[in-house]
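Input: a single structure, listed below in C-alpha cells.
Protein chains: 2
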Amino acid sequence: MNEDFIHKWISQVKKGTLSFIVLNVLKSGKAYYGYDLINEIKKITEIEIAEGTLYPLMNRLKDEKLIISEWVEQESGIPRKYYSITHEGKNTVTKMEEYWHNLNQSILKITK
Amino acid sequence: MNEDFIHKWISQVKKGTLSFIVLNVLKSGKAYYGYDLINEIKKITEIEIAEGTLYPLMNRLKDEKLIISEWVEQESGIPRKYYSITHEGKNTVTKMEEYWHNLNQSILKITK
DNA sequence: AAATATACATTGTTATACTATGTATTTTGT
DNA sequence: ACAAAATACATAGTATAACAATGTATATTT
Chain A
1 MNEDFIHKWI
11 SQVKKGTLSF
21 IVLNVLKSGK
31 AYYGYDLINE
41 IKKITEIEIA
51 EGTLYPLMNR
61 LKDEKLIISE
71 WVEQESGIPR
81 KYYSITHEGK
91 NTVTKMEEYW
101 HNLNQSILKI
111 TK
Chain B
1001 MNEDFIHKWI
1011 SQVKKGTLSF
1021 IVLNVLKSGK
1031 AYYGYDLINE
1041 IKKITEIEIA
1051 EGTLYPLMNR
1061 LKDEKLIISE
1071 WVEQESGIPR
1081 KYYSITHEGK
1091 NTVTKMEEYW
1101 HNLNQSILKI
1111 TK
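Next up, the structure:
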C-alpha cells in the first residue's frame, strides 16, 4: 500500500544527498576507491548506493574539481581508482553542511 | 567560485524534500490553497517554492491519493483550489518522517 | 568447475525542480 | 485615473541525477 510512492520518494531524496555523503566521507583526506566507498557508506549510514549511481557521480565530482582520482596498480587483482578530496571540495562540503543544517532545522519545525 | 555547483546541488536536495514539506504542512488537517502554501512554507522554512514547481507537485500528490482538492468560490477575487490531506497521506508522511530521521542521524554521524 | 565477490564503466529510463510563459482579477502606489 | 504589483491558477520545455540492466575482467570460495 503506497510502498511504491515511498520507494520513489526515497530515490528522489537521495538526489543531492549522495554527493553530500560521498564528499563527507572523503573530507578527512583519506583516499577511497569506488567499490570501497559503496561499502563504507553502507556500513556507516545503511544507505545503499548502486554502482551505476556511484561511478557517474564520481565523474561529476571530478569534473567539478571537487575530487581528484588516481589509478593504483595492485599486487594482485584489478587496479583501483582512488579518489581524494581537493581544497575546493573541502570548501564546498562546508557550504553544503550549512545548507543541510538549516534545512533540517526547518523540517524539524514543521514535523512536530 | 563554485556558487553554480552549490546552486544546482540545492535544487537537487529539494527533490523529494518539497513533497515531504508540503505534506507536513497539511498534516494538521487544515486546508490550504496553492498560493497560500507557497507563502506559508516560505514563512516557516525560508524555502521558496516556484509556482511551476508547486502546482505539478500538488497534482502528483492528488494522483497518489495523498491529498484531495476542492474549488472554493470567493466573495471577491479568483476562486481558490483548497488542498487537504487524506488518511493515506497521513500514513505516508509518517513513514517519510521515519526515513528522514534516520537519514539525518546518518549524516550527523559523518559530518562531524 | 561453478558461483560469488571484487572492481570498473556505460546506456537507457524515470522522476522532479525550475524557468519561462500564459490567463485573469484585485489591490496598491503615484 | 492609470500603472504596477500582488494574487491565483496552470502548462511546456529543459536539466539533472538515481537506478536497473548490462558489460568486461580478475580473484576467491564452495
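Chains as they are written, first to last, in our numbering: chain A, 1 to 112; chain B, 1001 to 1112.
The C-beta atom is built at its ideal place from N, Cα and C for all residues, glycine as well.
When DSSP labels each residue in this structure, what does residue i get in the three-state scheme?
i	result
residue 76(A)	coil
residue 1047(B)	coil
residue 114(A)	Shown here, chain A extends from 1 to 112; a query on residue 114(A) therefore has no answer.
residue 1039(B)	helix
residue 59(A)	helix
Short of 6 Å in beta carbon distance, which residues of its chain neighbour residue i, apart from the five on each side in sequence? Order them along the chain.
i	result
residue 1061(B)	1067
Which residues mark the beginning and the end of the alpha helix (DSSP H) in which residue i is found?
i	result
residue 1088(B)	1087–1111
residue 64(A)	Taken as a continuous stretch (DSSP letters only), residue 64(A) belongs to no alpha helix (DSSP H), as it is neither H nor E.
What residues match up with residue i in a beta bridge as DSSP calls it?
i	result
residue 33(A)	82(A)
residue 9(A)	Residue 9(A) pairs with nothing; no bridge assigned.
residue 70(A)	82(A)
What residues in its chain sit with their C-beta under 7 Å from that of residue i, if we drop five residues either side in the sequence?
i	result
residue 1041(B)	1021, 1025, 1047, 1049
residue 1027(B)	1085, 1090, 1093
residue 1054(B)	1034, 1037, 1038
residue 185(A)	Only positions 1 to 112 of chain A appear in the structure, and residue 185(A) is not among them; the question remains open.
Within the same chain, show all residues whose beta-carbon is closer than 8 Å to that of residue i, passing over the 5 residues directly before and after it, in chain order.
i	result
residue 23(A)	61, 66, 67, 85, 89, 92, 93, 96
residue 1106(B)	none
Would the beta-carbon of residue i be found less than 7 Å away from any heavy atom of the ligand ATP?
i	result
residue 1103(B)	In the structure on display, the ligand ATP does not appear, and there are no ligands present to speak of.
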